[in-house]
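> Next up is a structure, given as structure tokens.
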Amino acid sequence: MQLVSDNFYSNKKQVLGILFLIPVLLYLKSVFYDFTPFDEQWLILKNKNVLADWSNINLIFSKPLAGMYYRPLLNVWLMLDFHIGGTSPFIYHLSSVVLHGLCVLLLYLILLELQVSKKLSFLFTLIFALHPIHLHAVAWVPGKNDLLLGFFALSALLFLLKYIQSKKLYFFIIHFFFFSASLFTKENAFLLIIPFSILINSQKKSTFLISLLLWTGVICLWYFIRQNIVNHYIPVHGELTNSIIKFIQGLFMAIGKSFLPYPQSVFPIINNFSVLTGIVITILLVILTLKNKLRNKRYGLTGLGIFICLIAIPLWYGANSSSGEHYEHRLYLPIIGLLIFLSQLNINFNHKNFIKAMYILLIVFGIKAFMRMDVYKSPLAFCESGIAENTQYFQFYFEKGNIMYDQKKFSEAIQNFNQALELQSRRPQILHNRANALLEVGKPEEAIADYNLAYEVSGKDPLILVSRCVAFNRIGKIPEAERDLKLLKQSCAQCIPPGLEENIKKNFDRYQFNVIQKLIKEEPGRAIYYVNRAKLYLDHKMPKEALADLQKACELEPENKEFQTYYHELNQSLPR
């Protein structure tokens with residue numbers, strides 16, 4: 001099946017242009033997508049004060065992301081995006097598409113350095129460019145971190161290969177720069193030392209030892225910096241045996257999705273997928289390798305090392321996470337390792353049936369990626385996809401509830417909050433947000449019950465107390481609002497919204513006035529009620545009304561000297 005002439009592959013610039021253009025065209029519509037309601041919020045929208053000022057570069061390298069990630073180069077890239085496009089999603093999506101295009105080019109150049117034929121390098125690179133599993137890395141803005149890791153790691157690999165081929169020192173210096181950059185992009189990059197060691201092992205012993213020393217040195221430096229900033233370790237929850245089993249299941253799922261990306265999910269977990277596909281593919285790969293051997297064992301093991309090393313830590317995190325997630329963007333760089341390994345199998349890749357199968361696969365991958373891409377189009381599309389693909393994860397229901405609330409579809413918001421609470425019954429933020437929605441549909445008692453529980457399970461979060469205070473004020477339970485306001489003054493005075501205290505005082509005075517009016521109506525002969533109403537009148541600068549009430553109090557209790565004094569002082573202060 002000769003869809004492309006052999007002369008096409010001899011024009012390197014033309015091939016590189018086509019390889020860059022195809023993924024850009026595939027992902028072009030994604031540049032007009034919105035942010036999702038997930039990581040973009042704390043990465044970009046809630047972090048804009050940091051991103052807006054270049055002087056915060058130092059802060060980026062000395063503070064963790066979300067308290068547990070040390071990925072400064074991701075923040076530097078986001079800062080660059082921010083200075084070009086602010087908080088508009090367009091620039092963040094565009095830079096992701098460009099990064100993917102650059103990674104595609106790097107893979108092609110690497111395959112050529114690995115002495116893979118131009119035709120096969122082109123086809124394998126297109127497989128990578130169109131692979132649907134990369135949607136989560138390219139179309140979802142937070143997946144940019146794996147694109148950056150891919151760019152730095154592939155650059156490091158390319159220049160290491162160039163150094164090995166030419167023995168020119170400046171290639172190794174460039175390689176070392178990109179390797180160092182990959183460490184400060186994502187933590188699992190330190191394991192690249194293993195496949196890089198496999199490659200360099202063919203060189204002189206002194207070259208190998210010096211390279212190993214340099215890699216180890218920069219890893220130790222990175223580790224020292226990271227440990228002084230992020231106090232976070234690879235988790236082990238529950239029994240080690242159980243974690244290992246889940247890890248192996250995750251590995252087979254990753255292998256299966258690398259070859260057959262179905263079904264896909266924005267939040268995949270082991271329970272939603274069969275590992276059978278991965279097991280069958282692994283057995284077939286072992287048989288093919290044993291039967292046909294590898295053209296270049298060192299290159300093949302390098303590719304296998306990239307796959308296993310780069311997927312190992314994410315798989316372990318997923319195996320020990322409470323939700324057991326295995327995000328698809330984590331496969332972005334490992335799949336390149338698999339492609340490198342496959343390129344070294346000693347089989348006839350030029351057979352017409354193989355070429356035909358490759359073209360069919362490319363068409364299928366391209367169509368599937370294009371059709372599924374709209375999952376990332378909007379916050380609502382993302383949440384609805386998450387719910388459809390993983391019904392047991394509360395966060396999608398919660399975020400959809402928030403979207404419905406913002407659209408003033410309060411009943412639908414409550415339905416989604418209810419579903420989220422069925423999965424996580426004591427999540428304070430879900431209870432809090434459901435309370436807000438209940439308030440809007442005229443169910444104040446249920447709303448207050450949710451605020452009360454949210455406040456309790458959150459450890460008395462002052463922001464929840466603010467919401468309850470506002471709710472009490474809104475539904476006319478003014479003493480309760482006044483009580484919450486006093487609690488806020490004691491625990492978090494800076495949390496009190498502007499104008500709330502004045503509004504509560506105004507409503508509290510009105511409440512007291514109504515109470516006194518009712519008491520006067522019930523017992524018109526009680527002097528003290530008129531005195532108390534006089535005080536309220538004075539607080540609202542109504543001295544004539546206050547004087548009339550004090551006069552009435554004096555008439556009811558003519559011998560009360562305190563009332564008399566109060567009356568005369570006020571009377572004398574009034575203008576004549």
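By the count of the working numbering, the sequence shown reaches residue 576 at its end, each step adding exactly one.
Glycine included, C-beta positions come from ideal geometry on N, C-alpha and C.
Keep in mind it's a predicted model, so treat the numbers as computed, not measured.
Relative to the C-alpha of Glu399, which residue among Asn7, Asp39, His83 is closest?
For Glu399, the nearest C-alpha among the options comes from Asp39.
> Since Phe307 and Gly278 are thought to touch, with beta carbons under 8 Å apart, how far apart are those beta carbons, to the nearest angstrom?
With a Cβ gap of about 12 Å, Phe307 and Gly278 do not count as contacting.
> Please specify which runs of the alpha helix (DSSP H), each continuous and at least 4 residues long, are wholly inside the stretch 143 to 169, giving them in chain order.
The qualifying runs are 144 to 166.
> In angstroms with no decimal places, state the Cα-to-Cα distance between Gln264 and Pro132.
C-alpha separation (whole angstroms): 9 Å.
> Assess, as a yes-or-no matter, whether the stretch 418 to 425 is touched by the stretch 382 to 399 under the definition of 3 or more beta carbon pairs within less than 8 Å.
The answer is yes - the stretch 418 to 425 touches the stretch 382 to 399, with three or more Cβ pairs under 8 Å.
> Which of helix, strand or coil does DSSP assign to Val364?
Val364: helix per DSSP, three-state reduction.
> So Leu99 packs on Phe20, CB below 8 Å; how close in whole Å?
11 Å between Cβ atoms; not a contact.
> For Leu294, which three-state DSSP category applies?
Strand, per DSSP.
> By Cβ distance, which residues of its chain are closer than 8 Å to Met1, with the 5 residues on each side in sequence left out?
Any answer about Met1 is weak, because its pLDDT of 46 lies below 50 and its placement is not dependable; what the coordinates show is given next. Result list for Met1: Lys352, Ile355, Lys356, Tyr359, in chain order.
> Indicate whether Phe267 and Gly459 have their beta-carbon atoms separated by less than 8 Å.
Against a cut-off of 8 Å, the Cβ pair of Gly459 and Phe267 comes out as no contact.
> Can you check which of these residues, Lys561, Asn436, Leu310, Ile91, is closest to Thr185 by C-alpha distance?
Ranking Lys561, Asn436, Leu310, Ile91 by Cα distance to Thr185 puts Leu310 first.
> Distance check for Ile520 and Asp461, CA to CA, integer angstroms please.
Near 41 Å, if we compare the C-alpha coordinates of Ile520 and Asp461.
> Quick check on this structure: which residue in Tyr163, Phe178, Phe177 has the alpha carbon closest to the alpha carbon of Phe171?
For the residues Tyr163, Phe178, Phe177, the minimum Cα distance to Phe171 belongs to Tyr163.
> Determine the direct distance from the alpha carbon of His136 to that of Ser93, and round the result to whole angstroms.
Position check: residue 93 holds His in this sequence, whereas Ser was assumed. Answer to the nearest angstrom: the Cα atoms are 12 Å apart.
> Give me the DSSP bridge partner(s) of Leu288.
For Leu288, which the question treats as bridged, DSSP gives no partner whatsoever.
> Considering only their Cβ atoms, is the gap separating Ala471 from Ala447 smaller than 8 Å?
The answer is yes: Cβ separation under 8 Å.
> Rounding to the nearest angstrom, what Cα-Cα distance links Phe365 and Met68 in this structure?
So the two alpha carbons sit approximately 35 Å from each other.
> Write down every uninterrupted run of the beta strand (DSSP E) in the stretch 241 to 291 whose length is 3 residues or greater and which is fully enclosed by it, in chain order.
Qualifying beta strand (DSSP E) stretches: none in this window.
> Nearest to Gly86 by CA position, among Ser96, Glu113, Leu45, is which residue?
Minimum Cα distance to Gly86 is reached at Leu45.
> Kindly indicate the opening and closing residues of the alpha helix (DSSP H) around Asp549.
Its alpha helix (DSSP H) spans residues 543 to 556.
> Are the CB atoms of Leu130 and Leu260 nearer to each other than 8 Å?
No, the Cβ-Cβ distance between Leu130 and Leu260 is not below 8 Å.
> Taking its Cβ as the centre, do 16 or more other Cβ atoms sit within 10 Å of Gly305, making it buried, or is it exposed?
So Gly305 counts as buried.
> What does the alpha-carbon distance come out to for the pair Arg298 and Ile281?
Spanning the two alpha carbons is a distance of roughly 22 Å.
> In chain order, what residues of the same chain have a beta carbon less than 6 Å from the beta carbon of Val50, not counting five sequence neighbours either side?
Around Val50: Asn56.
> Along the chain, which unbroken stretches of the alpha helix (DSSP H) at least 4 residues long are found entirely within the stretch 418 to 478?
Runs found: 428 to 440, 444 to 457, 462 to 475.
> Using a threshold of 8 Å, state whether the C-beta atoms of Gln512 and Leu536 are closer than that.
In this structure, Leu536 lies closer than 8 Å to Gln512 by Cβ.
> Output the distance between the C-alpha atoms of Leu465 and Leu59, rounded to the nearest integer angstrom.
Near 32 Å, if we compare the C-alpha coordinates of Leu59 and Leu465.
> For the alpha helix (DSSP H) containing Gly17, list its first residue and its last residue.
12 to 26 is the extent of the alpha helix (DSSP H) around Gly17.
> Give me, in chain order, the residues of the same chain whose beta-carbon lies closer than 8 Å to that of Tyr529; leave out the 5 immediate sequence neighbours on both sides.
Correct list, in chain order: Ile516, Leu519, Ile520, Glu523.
> For the alpha helix (DSSP H) that contains Thr185, what are its first and last residues?
Note, Thr185: premise wrong, no alpha helix (DSSP H); not H, not E.
> If we call anything under 8 Å between Cβ atoms a contact, is Val24 one with Phe122?
Not in contact: Val24 and Phe122 (Cβ atoms no closer than 8 Å).
> Would Gln547 be called buried (16 or more neighbouring beta carbons within 10 Å of its own) or exposed?
The amino acid occupying residue 547 in the given sequence is Leu; Gln does not appear at that position. Leu547 is buried by the Cβ-count criterion.
> How should Ile335 be labelled, buried or exposed, when 16 other C-beta atoms within 10 angstroms of its C-beta is the threshold for buried?
Classification for Ile335: buried.
> Less than 8 Å between the C-beta atoms of Ile414 and Arg434, yes or no?
A contact, by the Cβ cut-off of 8 Å.
> Can you confirm whether the stretch 368 to 375 touches the stretch 285 to 296 when touching is taken to mean that 3 or more C-beta pairs between the two stretches lie within less than 8 Å?
With a cut-off of 8 Å, the stretch 368 to 375 and the stretch 285 to 296 do not count as touching, because too few Cβ pairs lie within range.
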